[in-house]
Every structure is written in C-alpha cells, then in structure tokens.
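Beneath this line is the structure, given in structure tokens, with notes to follow.
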Amino acid sequence: MTRAATKNLISTAAFGLALTLGAPVRAQDVPPDQLVKTVTLEVVDLIKSDKEIQAGNRAKLIQLIDAKVLPHFNFSAMTALAMGQSWNKANPDQKKRLTEEFRTLLVRTYASALAAYSEQKFDFRPLRAKPTDTDVTVQVRVLQPGTQPVPIDYSMEKTAAGWKVYDVMVGGVSLVANYRTEFNSTVRESGIDGLIKNLATKNKSLEGAALEKKK
Amino acid sequence: MTRVLLLAALLGAATGCASTAERDPRDPWEPLNRGIYSFNDKLDTYVARPVATGYTKVVPSEIRERVRNVFANVGDVFIGVNNFLQGKFEDGVSDWARFAFNTTFGIFGIHDIATDMGYEKHNEDFGQTFGRWGAPTGPYLVLPILGSSDVRDGIGWGFDFYTDPLNETEPFAVHWGLVTLRLIQTRADLLDASRILEEAALDKYVFQRDAYLQRRRNLVYDGQPPREKEPEDDSSSDKKPN
Numbered sequence: 018m019t020r021a022a023t024k025n026l027i028s029t030a031a032f033g034l035a036l037t038l039g040a041p042v043r044a045q046d047v048p049p050d051q052l053v054k055t056v057t058l059e060v061v062d063l064i065k066s067d068k069e070i071q072a073g074n075r076a077k078l079i080q081l082i083d084a085k086v087l088p089h090f091n092f093s094a095m096t097a098l099a100m101g102q103s104w105n106k107a108n109p110d111q112k113k114r115l116t117e118e119f120r121t122l123l124v125r126t127y128a129s130a131l132a133a134y135s136e137q138k139f140d141f142r143p144l145r146a147k148p149t150d151t152d153v154t155v156q157v158r159v160l161q162p163g164t165q166p167v168p169i170d171y172s173m174e175k176t177a178a179g180w181k182v183y184d185v186m187v188g189g190v191s192l193v194a195n196y197r198t199e200f201n202s203t204v205r206e207s208g209i210d211g212l213i214k215n216l217a218t219k220n221k222s223l224e225g226a227a228l229e230k231k232k
Numbered sequence: 055m056t057r058v059l060l061l062a063a064l065l066g067a068a069t070g071c072a073s074t075a076e077r078d079p080r081d082p083w084e085p086l087n088r089g090i091y092s093f094n095d096k097l098d099t100y101v102a103r104p105v106a107t108g109y110t111k112v113v114p115s116e117i118r119e120r121v122r123n124v125f126a127n128v129g130d131v132f133i134g135v136n137n138f139l140q141g142k143f144e145d146g147v148s149d150w151a152r153f154a155f156n157t158t159f160g161i162f163g164i165h166d167i168a169t170d171m172g173y174e175k176h177n178e179d180f181g182q183t184f185g186r187w188g189a190p191t192g193p194y195l196v197l198p199i200l201g202s203s204d205v206r207d208g209i210g211w212g213f214d215f216y217t218d219p220l221n222e223t224e225p226f227a228v229h230w231g232l233v234t235l236r237l238i239q240t241r242a243d244l245l246d247a248s249r250i251l252e253e254a255a256l257d258k259y260v261f262q263r264d265a266y267l268q269r270r271r272n273l274v275y276d277g278q279p280p281r282e283k284e285p286e287d288d289s290s291s292d293k294k295p296n
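Note that the protein sequences, when read in sequence, are chains E and B. Quick note: the first sequence uses this note's numbering, first residue 18, plus one each step. Quick note: the second sequence uses this note's numbering, first residue 55, plus one each step.
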C-alpha cells in the first residue's frame, strides 16, 4: 500500500513536471484518470496547507474549488441529467439560471466533501477503458482506518476542451441522480421557476450561514 | 421491543395511507415516515449530535480511531458469516482472517493490522444478504432512532441485532456502556456526512431517502450494480428492480 502510494506520488510529480516544463501536453490530451489524480492531490494539498481554510474559512475554500476544480466539470450536462425529463420543459434562459444555481449548490457540497476527506489517503485506481472511449468512469477510493474504503467514481466525457466530469458517485450514490426526484416533484408542484426559486433560496441560506459563522 | 415498534409502524402505515398519484412508488408510507423522520431529527439535533460533537472534542482522534477499530473488529465475525451466506467464500475467509489477526496481534482489534496485510475491510449485513438472495427491498421505511431503512433491511437489522457480539458482554452495565460508546462513535463518524447532507439537500427527507436506496442497492451488488434504465418518460413510474 505505502509503496503504491509512493509510486502514485512519483508518477503524479513527474506528470506535473511535464506540464510545467511546457511539454506539448494540451488539456484535451490529459488522460481522465491523470486529470482526476492531479487535481485531487493539488486541491487536497492546498486545503491542508492553508491555515485560513483549516480554521474554517468557507469563502476561501469555495474560491479554491472554483479556480481548480470547476473548469473540469460540465455543469449544464449535470443539470440536464438531474432534471431528467423536466429539462426539455425549460426555455434557454431558465436552463441558464438552473445551471447557475445548481452549480453554486454543487460547488458548496463538493467543497465540504473534499475538506472532510482531506486528511485521508487516496487510492487512485487504474483506468479500465479503451483509448478510443469517450465516456469513462474514473475510480478513486478514500482509505479510512477501521472502515471499508469509500469509493468515489467520476463519470467523465471527452469534449473538445478536454475530459469533463458530468456525475460524481460517492459510495455508490450518484449526486446527479439523487437530485432527480426532488427536482421533478418541485417542477410538478411549482414549475421550472419554482425550482429556480427553491435553489436560489437554498443557496442564499447557505451563504447567510457561512457569513454568520465568520463573525 | 424493536419488533413491536416495527410492527406498529407497518400497521400504522397500512391503515393510514391511501396512495396518491404524486407519491413516490418506492415510498408509499411517506406521511408516516416523515413523522418518524422529524422525531429522529429532533432527537439527533438535541441529543445525538451534541453528544457526538462533544466526544470528538474531548477524545483525541488517535483514541477515536482505536475505538472505531475495536468495534469494527467485533463486526468482522458476522460480516464474514454474511459473506459465506452470499456464497462469497474468499471474502468470508478474508473477514475471519482479519478477525484472527486483529484480535491477536492487533490486541483485541485496537490495531487494524489486517488491512496493512492486504485483508480489506468489507461491508455486509443480513439486509444485504437477503438482497443478494433476491429479496425485494419492499417499501422505504424510517425506523424510530435507527433512521433510514426499508422492509427488507428492517428485518435484516433484526437479525443483525440478535447476532450482535456485544450481546454476549456482561455485566449489564458493561454491555450498555459498550453499546452506547459504539453509538456515539458511529454518530461521530457521520458528523461530516450529515453536515454535507444538510447543505446539499433541498428537502432533507427526500435526499436522504434517495441516497439510502441508492447506497443499499450499491452495497448489495458490492459496488457493481447492474445498470438501471433511465427514467425517461415519467419519474413516478421509475421502479427500482430490487
């Protein structure tokens, strides 16, 4: 295990070096499993070394996730998947607002999860996919003493701008699928605008809670 | 006692509900479940969470890890039994090897040396065994104190309870001390997760229910569930195969 971890570290370091040395690696050429590993380790390192984040500065944590993680997520795909059949009922403007609100909510959730796991060890599983595949699952496991490892699976799709995450499964629970029932029942009861309003209210209350904590 | 509660819950649900079109087919007893859920939630807010938070403040994480290890080790015996019952002999043998090594060289499970030796910790219980045998989950069920469950897992929990190795501990005070400590430890381990749930959910009840059903399905298939059909036309006809 420790040897594997060291190996992971070395290969990641080598990969990072290749990137910084300006080797001709374009974003779209980075394999999805490497991308997940580099970004995860980088973010976890930054979380651990940042005293303000450690002390509970949520705004700074979210800023960090915003800058490092967000570019690798495809939020409109995530929102469309979470909405299921309701997605087609939304007009372009509603789609845009839904995606924005859902993105804000997901970023907060993801930031909290990463912060909670930042002290644990990660096991990056080798990718089981053909080089020609354009839709893959990248598997990471969080190793915690005394419990079964928690699997985190990233569903990723190849796009012109590189590999993008469109769903995250934690312990077999798909984040996107988990919102589907809620989104659909809200749409049934109060329409697309009702859902947008609900999401916005939720985001505002979280923002308020974060500010409250800071005082 | 728990059986009585379970029965009461079932009866109450059967008599008190007339299913409407709006209701999720996996959760026909939603009104009753929501009632129990809000009772549990209050109990958690005013008792369990404060106690667990205090525990993490007072007891250093080093010690908490040891406590977790000891209870995890005790649990490995019946995790092994369940693996055998599901026909996964290799996993069952591995669980018992874990128990043997951790109890002896790991000093009553204080140290989880088996993991370092390559014997991975598993997650099994009777509910999963019944699922593996093909038992359907039945309706979703919120149990008093215990929380999210379904009919299959509720019955499974009964078996887990009767086979709990802590039942053998004596005297009474020691037994309840250990049971309480395990509860506090378990709740403490879930502090982060429950906070994240609270942040993520629009409706905590629905979010937790859906997560529970997804999670259990994943566990029954040991992380490799067969693909589900996407609910394309109407989400209310979205039936889970298990």
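No residue lacks a Cβ here, since even glycine has one placed at the ideal position from N, Cα and C. No experiment lies behind these values; they were computed from the predicted model shown.
- For a Cβ distance threshold of 7 Å, residue set A133 of chain E lies close to B:D246, ordered along the chain.
- Apart from the 5 residues on each side of it in sequence, E:V153 sits with its Cβ closer than 6 Å to the Cβ of P49, A146 and M173 in its chain, given in chain order.
- The Cβ atoms of E:A99 and E:V193 lie closer than 8 Å to each other.
- E:A94 is outside the set of residues whose beta carbon lies under 8 Å from a beta carbon in chain B.
- Beyond the five residues adjoining it in sequence on each side, B:H176 comes within less than 7 Å, by CB distance, of I133, N137, D145 and D149 in the same chain, given in chain order.
- At a cut-off of 8 Å, the C-beta of E:N195 has a neighbouring C-beta in chain B.
- If you look at E:M186, you'll find it isn't in any alpha helix (DSSP H); it sits in the beta strand (DSSP E) that goes G179 to V187.
- A Cβ-Cβ contact shorter than 8 Å links E:P162 with B:N123.
- DSSP places B:M171 outside any beta strand (DSSP E), giving it a letter other than H or E.
- DSSP, read as helix, strand or coil, puts E:T203 in helix.
- When the Cα atoms are used, B:D95 and E:D46 turn out to be separated by approximately 48 Å.
- One finds E253 in chain B with Cβ atoms closer than 7 Å to the Cβ of E:R125, taken in chain order.
- Excluding the 5 residues flanking it on each side, E:L123 has no same chain C-beta neighbour closer than 6 Å.
- Residue state for E:S135 is assigned as coil, using DSSP reduced to three classes.
- Taking 7 Å as the cut-off between beta carbons, the residues of the stretch 165 to 196 of chain E near chain B are Q165, P168, G188, G189, V190, S191, A194 and N195, in sequence order.
- Cβ neighbours of E:W104 within its own chain (closer than 6 Å, five residues either side excluded): A97.
- Taken atom to atom, the span from the alpha-carbon of B:A106 to that of B:A242 is near 5 Å.
- By the CB criterion at 8 Å, E:K65 and E:S135 fall inside the cutoff.
- Checking the DSSP bridge columns, you'll see E:K175 partnered with E:W180.
- Legend: CB atoms of the stretch 197 to 208 of chain E lying less than 9 Å from CB atoms of chain B belong to residues R197, T198, E199, F200, N201, S202, T203, R205 and E206.
- Judged by beta-carbon spacing, B:A247 lies beyond the 8 Å limit of E:V190, meaning their Cβ atoms are not closer than that value.
- The continuous alpha helix (DSSP H) containing B:G181 extends over residues F180 to R186.
- In the three-state scheme derived from DSSP, where H, G and I count as helix and E and B as strand, B:G210 is classed as helix.
- In the DSSP annotation of this structure, the continuous segment of the beta strand (DSSP E) that includes B:L195 starts and ends at Y194 to L197.
- Legend: CB atoms of the stretch 122 to 136 of chain B lying less than 7 Å from CB atoms of chain E belong to residues R122, N123 and A126.
- With contact defined as three or more Cβ pairs closer than 8 Å, the stretch 190 to 208 of chain B and the stretch 155 to 168 of chain B are not in contact.
- Cβ contact annotation for E:V159 (same chain, cutoff 7 Å, sequence separation greater than five): Y134, Q137, F139, P166, V167 and I169, in chain order.
- Burial is judged here by how many other beta carbons sit within 10 angstroms of a residue's own beta carbon; B:R281 has fewer than 16 and is exposed.
- In the DSSP assignment, the residues bridged to E:V153 are E:M173.
- Rounded to whole angstroms, the Cβ separation of B:D204 and B:Y216 is 19 Å, and the two are not in contact under 8 Å.
- Nearest to B:I209 by alpha-carbon distance, out of B:L251, B:F180, B:V228 and B:P225, is B:F180.
- With respect to the C-alpha of E:V157, the residue from E:R142, E:P148, E:T151 and E:T164 having the closest C-alpha is E:R142.
- Sixteen is the threshold: since fewer than 16 other Cβ atoms of the shown chains lie within 10 Å of the Cβ of B:F226, the residue is exposed.
- If you check each beta-carbon in the stretch 57 to 77 of chain E against every beta-carbon of chain B, none falls closer than 9 Å.
- Neighbours of B:V260 in chain E, taken as residues whose beta carbon is under 7 Å from its own, are T198 and E199 in chain order.
- Relative to the Cα of E:H89, the nearest Cα in the group E:L115, E:G225, E:S207 and E:R120 belongs to E:R120.
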